[in-house]
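With positions in the sequence shown counted from 1, the corresponding number in our numbering is that position plus 1.
Each residue gets a CB set at the ideal place from its N, CA and C atoms; glycine is no exception.
It should be emphasised that the depicted structure is a prediction, and the values quoted were computed from it without experimental measurement.
Have a look at the structure below before the remarks.
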Amino acid sequence: MPQIFSIATTPAIVLLVCAGFGAAFYYLRKAMLLQNNLLAHIQRQHSNDWQRFISQGKLCGDKHKWARHLALEALREGKFASKADEVLSQGAADIKRHRQWALLGFIFALTMCHLLTA
């Protein structure tokens with residue numbers, strides 16, 4: 002199988018691979034920070050819902066750990082969509098967008114890895 006790229010282009014491709022993985026991890030980190038901010042917002046502004054998540058979390062084991070999971074699940078399923086809270090709706094859209102960019106970064110980096118090994 003003939004080599005597609007010469008030795009001179011290899012460092013450029015390695016740099017693109019690193020940039021792709023770097024972008025992916027950056028956007029994943031941003032999504033995690035947004036999730037933490039939204040959970041704090043739910044805890045402050047929607048205390049009745051948060052107490053319900055804590056009581057459901059007690060049934061699963063660690064009430065605070067499971068309350069976070071249950072709140073994120075409710076946010077993903079759109080259970081907060083009926084509430085007129087701009088922060089939650091914008092935050093959920095931002096999280097989705099950051100995850101899509103992270104996935105694109107991983108796909109780009111893996112494509113460059115494939116080109117590098119061809």
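Which class does residue i belong to by DSSP, given the choice of helix, strand or coil?
i: His70; result: helix
i: Ala24; result: helix
i: His47; result: coil
i: Lys84; result: coil
i: Gly58; result: helix
i: Gly79; result: coil
i: Asp63; result: coil
Below 7 Å CB to CB, which residues in the same chain sit around residue i once its five sequence neighbours on both sides are set aside?
i: Met2; result: Confidence at Met2 is low in this model, with a pLDDT of 47, below 50, so its placement is unreliable and no value can be given for it.
Please go through the same chain and pick out, in chain order, the residues whose beta-carbon is closer than 6 Å to the beta-carbon of residue i, but skip the five residues on each side of it.
i: Arg77; result: none
i: Leu89; result: Phe81
i: Phe54; result: Ala68, Leu71, Ala72
i: Phe109; result: Gly21
Alpha carbon to alpha carbon, how far is residue j from residue i? Give it in angstroms, no decimals.
i: Val18; j: Pro12; result: 10 Å
i: Leu120; j: Tyr27; result: There is no way to answer for residue 120, as the model of the chain reaches only from 2 to 119.
i: Leu60; j: Met33; result: 26 Å
i: Thr112; j: Val15; result: 11 Å
i: Ala24; j: Cys114; result: 15 Å
i: His65; j: Gln44; result: 11 Å
i: Arg100; j: Lys31; result: 9 Å
i: His42; j: Lys97; result: 18 Å
Looking at residue i: is its Cβ nearer than 8 Å to the Cβ of residue j?
i: Asn1; j: Gly79; result: Here the chain has residues from 2 to 119 only, and residue 1 is not among them.
i: Leu35; j: Asp95; result: yes
i: Leu29; j: Ala75; result: no
What does a CB cutoff of less than 8 Å around residue i pick up in its chain, not counting 5 residues either side in sequence?
i: Gln57; result: Trp67, Ala68, Leu71
i: Phe107; result: Gly21, Phe22, Ala25
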